[in-house]
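These notes are about the structure you will find just below.
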Amino acid sequence: MLHFHSLRIADVRQETDDTVSIAFDVPAEQRELFAYQAGQYLTLRTHLDGEEVRRSYSLCSAPYEHSWRVAVKQVENGRFSTYANTVLKAGDTLEVMPPQGRFVVHPEGKGADQVVFFAAGSGITPVISLIKQILHDEPAARITLFYANRKKTDVIFLEELENLKNRHMERLSLHYVFSRESQSSPLFEGRIDGVRCKNLLDRFIADPPKQHYYICGPEEMIHAVKDTLHAGGVPDAQVHFELFTTPVGDMNPEKTQQAATKEKRPDGVAKVQVQLDGRVFSFDLPYNGQPILDASMQTGADLPFSCKGGVCCTCRAKLVKGEVDMDINYALEPWEVEQGFILTCQSHPKSEEIFVDFDQQ
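Here numbering that gives the first Met the number 0 is used: the first residue of the sequence shown is 0, the next is one more, and so on.
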């Protein structure tokens, strides 16, 4: 089971007008615990105005750099992001959970001739970590990045990306797409939608079905790129993505089906048991009541969680007994669902007895 650890902030660096990166000082005795793969994230916890606030932020550093740095883009009405951008400084401490996440270099993609990245806004954060690690580990790999922003001044890590390109001229290609700034070609003006994605692939990617793709950004862009790749014959196993915001709209049949399932939940009460660090918490929970995560925490269980939106996977646990409905699943792989893993922030009982184990990972 993962727990929070107090870490000192080594430095806070201004990346753009509304984005900072935060480096943590990880003591030697905790470095094994905090070992990570490129593309993973840290869950941070603090208290603001007397209330606990948790957020997950991707590491923009790469493992070979032996550093732990995350980027935080300030969002409107974002409590933690505003705090990070305006208050946090070197020497402060935050509670940090060890790295998690599945948006990593997949084994079947290692050694691939070409790796293609699509990113938008702060979606560049895990992407730059992946790019750095691939360039470091795979001498023959060629990388193409399509990176969307409103304008050039919004490009996070612009200087670092350009330095990487200068060091790897024959291996790294960068293409910036701006929605509110003129470019040398209309191809790079606007948002990355399905049409633009196809045009970019036709122009810059030879034999798209043979390449591996990583996509990170808002929901709309991810679906546009995924659909375009699928229509172009790219196997699903070669397309990897991470949603960078909690979804807000019904944009695919799976979500529509999940919403319909929620409306049809029957009356009834389940007897639920949740195991954490060997301790079992027991309670009754209506089928149409709150998610298992929330109900468990009301009994005193200090469970791991962050987004509560079915995106980050921090609340993942094994369903040992019973059946549940998941409202949304943007984080679990199909094999994980088959093996009984659930997102407890989205799961509701649909059988009389439920046993959920957080100790099985």
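For each residue, glycine too, the CB sits at the ideal point set by N, CA and C.
9 Å Cβ cutoff met for residue i and residue j
i, j, result
"residue 291", "residue 273", "yes"
"residue 38", "residue 129", "yes"
"residue 114", "residue 213", "yes"
"residue 346", "residue 318", "yes"
"residue 83", "residue 154", "no"
"residue 1", "residue 313", "yes"
"residue 349", "residue 278", "no"
"residue 294", "residue 315", "no"
"residue 68", "residue 60", "yes"
According to DSSP, residues forming a beta bridge with residue i
i, result
"residue 348", "323"
"residue 275", "278"
"residue 53", "44"
"residue 148", "177"
"residue 131", "Paired residue(s): none; residue 131 is not in a bridge."
"residue 268", "285"
"residue 235", "Per DSSP, none; premise fails for residue 235."
"residue 356", "274, 317"
Span of the beta strand (DSSP E) around residue i
i, result
"residue 6", "4-15"
"residue 46", "40-47"
"residue 70", "67-72"
"residue 118", "113-119"
"residue 363", "Residue 363 lies beyond the stretch modelled for the chain, which goes from 0 to 360, so this question has no answer here."
"residue 214", "211-216"
"residue 160", "First-last for residue 160: 157-166, but that is the alpha helix (DSSP H), not the beta strand (DSSP E)."
"residue 340", "340-342"
Separation of residue j from residue i, as counted between CA atoms
i, j, result
"residue 332", "residue 338", "10 Å"
"residue 268", "residue 276", "26 Å"
"residue 58", "residue 88", "18 Å"
"residue 135", "residue 143", "15 Å"
"residue 326", "residue 167", "44 Å"
"residue 92", "residue 26", "13 Å"
"residue 147", "residue 240", "16 Å"
"residue 193", "residue 357", "39 Å"
"residue 163", "residue 131", "8 Å"
"residue 355", "residue 182", "53 Å"
"residue 112", "residue 64", "24 Å"
"residue 151", "residue 178", "10 Å"
"residue 62", "residue 284", "42 Å"
"residue 103", "residue 242", "13 Å"
"residue 444", "residue 351", "As shown, the chain starts at 0 and ends at 360. That puts residue 444 outside it, with no answer to give."
"residue 323", "residue 42", "26 Å"
"residue 169", "residue 126", "19 Å"
"residue 53", "residue 271", "25 Å"
"residue 234", "residue 224", "13 Å"
"residue 141", "residue 210", "10 Å"
"residue 280", "residue 296", "9 Å"
"residue 133", "residue 105", "11 Å"
"residue 8", "residue 45", "13 Å"
"residue 249", "residue 299", "Reliability of the predicted coordinates at residue 249 is poor, the pLDDT of 36 falling under 50, and the value obtained from them is presented with this limitation in mind. Going from the Cα of residue 249 to the Cα of residue 299 covers about 33 Å."
"residue 336", "residue 117", "27 Å"
"residue 5", "residue 353", "34 Å"
"residue 180", "residue 216", "20 Å"
"residue 289", "residue 328", "16 Å"
"residue 66", "residue 139", "25 Å"
Element boundaries [alpha helix (DSSP H), containing residue i]
i, result
"residue 336", "333-337"
"residue 93", "Looking at the DSSP string, residue 93 is not in any alpha helix (DSSP H); the run it does join, the beta strand (DSSP E), is 92-99."
"residue 22", "Taken as a continuous stretch (DSSP letters only), residue 22 belongs to no alpha helix (DSSP H), being part of the beta strand (DSSP E) at 18-24."
"residue 297", "291-297"
"residue 203", "193-203"
"residue 328", "Note, residue 328: premise wrong, no alpha helix (DSSP H); not H, not E."
Proximity test, residue i beta-carbon vs the ligand NAP heavy atom, cut-off 8 Å
i, result
"residue 149", "The ligand NAP is not among the ligands present in this structure, which contains no ligands whatsoever."
If you pair each beta-carbon of the region 187-198 with each one of the region 34-52, do three or more pairs fall below 8 Å?
-> no
Examine the Cβ distances between the region 91-103 and the region 29-43 and report whether three or more of them are shorter than 8 Å.
-> yes
Below 8 Å, can you find three or more Cβ-Cβ pairs linking the region 199-213 to the region 151-159?
-> no
Is the region 116-130 close to the region 210-228, with three or more CB pairs under 8 Å?
-> yes
The region 65-77 in contact with the region 15-28 per 3-pair CB rule at 8 Å = yes
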